[in-house]
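Each residue of the sequence shown is one higher than the one before, counting from 40 in my numbering. Ideal Cβ positions, reconstructed from N, Cα and C, are used throughout, including at glycine. Just so we're clear, the structure is a prediction, and the values are computed from it rather than from any experiment. Worksheet for the structure shown next.
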Amino acid sequence: QAPPPGSESISSSRAAIPGMWSKFKDAAGKVQAELKVVSKEIQDNLTEAGKKLNEELIVAAGVHRRRRLYGGPVAIKNCTTEVVELTFSKSNMSGGKLQAEAIGPDWDYSFDPGESKDFDFFLEVKASGGRSACLTAIRSAAYEVRCSGGAFTVEQVRLPERQKSDSLASAPGLSFSFSASGWLFVYQLGVADCLQQHGITRNPHMRVAGASGGALTVATMMYGCDMKALRDHIKECVCRVNKNVGQAIELRKFILEAMQKFVRDGSIKHPVFQSGRVEIAVSEAGFEATQSLTSRVKALSKGETSIVKGKRKKEFGKTSEAVIALLASATMGISGLPFKMKNEEGKEVKVADGAITDFMPTIDKFSITVKPFSDGLFASADVSPTEFVPGSYGLWPPQPSTIDHLYELGYRDMDAWLEEMLPERLAAAQAAFPEPAPELPPVEFECADDGMTWLVEVLAAVPVSWSDQWGAGGRRTSSKQPPEEEPLIT
């Protein structure tokens, strides 16, 4: 039987289909490969444009460039009985993810991304049941993941080795100035830790000045306080703020709580306070607290005074006077309202944050200035962050892991500056003062009076709770201790 008409052409078409499909697949593969190349070129161009834009934004913000490269791994040991997932990211604002790894029970893990400008990383550890922990992991440090009683934690068991020297232990002619800072004084605490490692507390010639958080930092630094312990106290306060946003304006109470850990009645006998080498910037009203409005207007019209003027406090008869000056210097809304205190003339005046009149209280032109804000904000400084740090952190604290990063950032920035710039600055200061400095022994101090009378005197003079600040017109109505649910004496 003859095949139906047209069947030969249908058969030949069917036979040609595999060849046509193969050619189509080859063509589609070529197009896909070309699209991948074009897509990668576009992505590379966008990445490069993004990097350039980021660089331009960094320059516009006045961020100091980081020139140092850092190496060394982060060591992690899983001390739990389950698998945990580690995720490492950049610790700066970009937060770019670097690596994720799951490690089993009793495993040791080493994260080493090679030499780079990153000295620490943001680490998130996750376990079953939604449990997690976050921290800033530093190069050359070691950490252990633990689980006890259902609590999931990551503990630092080894610190990175710090370089120590006596480069600041006897250098005459130098001084340091710390700006106002708000919550960002954690950056300055890291700077202070670095300076302590290089001998600043032993220097009998060293003078320091600070405003607000900067004043608190220079005073505690020269007294020899443990900067890491202060940082950890700040982290505890940040956790309280995260649980209750109203705590964000309780900095005055937080400061007093921290001071109780190391300030004693005999603290004022420290040589740095006895010699007046710590200058605290305070803003003082130009009128007496009891002066009438009419007399104030007359005094202003005659040019006899100003509404507010800057003062430097450096002479104190007892510990409570120094603490009150520090609280006055750090009085900017989130750390309390202005309060009354007596000035050098014995007049009762309102005092407020030193930043109002003296944001960066330098001692002379050789003062090494430190500021936790990018140079695009406020005055320029010798030492400031080598990455973009939001100015909003000064008013509202970042997460505890970021607190650790800011502290480490301050330490690394100061250490790099000392290595690169200290010889030049020291030579300039010594050239300006050709007369040799008097021979003085290194500073040593042991507090002989562990009393806490200073705290009672401070609480009698400075309103701490907000009800006292609003209701007492800037002065506590009594010297009674605060309610037991908010103890200030432990």
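Assign residue i to buried or exposed, taking buried as 16 or more other Cβ atoms, counted over all protein chains shown, within 10 Å of its Cβ.
i           : result
residue 131 : buried
residue 153 : exposed
residue 323 : buried
residue 108 : exposed
residue 178 : buried
residue 223 : buried
residue 240 : buried
residue 380 : buried
residue 270 : buried
residue 205 : exposed
residue 59  : exposed
residue 123 : buried
residue 190 : exposed
residue 502 : buried
Beta-carbon within less than 6 Å of residue i's beta-carbon, same chain only, minus the 5 sequence neighbours each way: which residues are those?
i           : result
residue 311 : 261, 317
residue 484 : 309
residue 126 : 139, 163
residue 450 : 229, 232, 233
residue 425 : 103, 105, 452
residue 146 : 117
residue 479 : 243
residue 472 : 212
residue 238 : 205, 207, 208
Could you name the residues of the same chain whose beta carbon sits closer than 7 Å to that of residue i, not counting the 5 residues immediately before and after it, in chain order?
i           : result
residue 307 : 355, 357, 358, 361
residue 277 : 436, 439, 442
residue 196 : 181, 182, 183
residue 396 : 322, 347, 348, 349
residue 496 : 359
residue 185 : 118, 119, 192, 194
Mapping the DSSP letters down to three states, classify residue i as helix, strand or coil.
i           : result
residue 522 : Because residue 522 sits at a pLDDT of 37, beneath the cut-off of 50, its placement in the model cannot be relied upon, and the point is left open.
residue 427 : coil
residue 270 : helix
residue 283 : coil
residue 250 : strand
residue 472 : coil
residue 157 : coil
residue 300 : coil
residue 568 : Past the edges of the chain, shown from 40 to 529, lies residue 568, and the structure says nothing about it.
residue 181 : strand
residue 166 : coil
residue 306 : helix
residue 503 : coil
residue 225 : helix
Leaving out five residues on either side along the sequence, give the residues of the same chain with a beta carbon under 8 Å from the beta carbon of residue i.
i           : result
residue 420 : 218, 399, 408, 409, 410, 414
residue 487 : 305, 308
residue 175 : 130, 159, 160, 161, 162, 440, 441, 443, 444, 447
residue 509 : 376
Should residue i be counted as a contact of the ligand SAH given a C-beta to heavy atom distance under 6 Å?
i           : result
residue 222 : Ligands displayed in this structure: none; no statement on the ligand SAH is therefore possible.
query: Which ranges does the beta strand (DSSP E) cover as unbroken runs of at least 3 residues, wholly within the segment 341-425, from first to last along the chain?
result: 347-352, 378-381, 387-391, 406-409
task: Only counting runs of 4 or more residues, tell me where the alpha helix (DSSP H) segments fall wholly within the segment 110-147, in order along the chain.
output: none
task: Give a yes or no on contact between the segment 370-378 and the segment 286-299, applying the rule of three or more CB pairs nearer than 8 Å.
output: yes
message: Measuring CB atoms only, is the segment 196-209 touching the segment 390-399, in the sense that at least three cross pairs come out at less than 8 Å?
response: no
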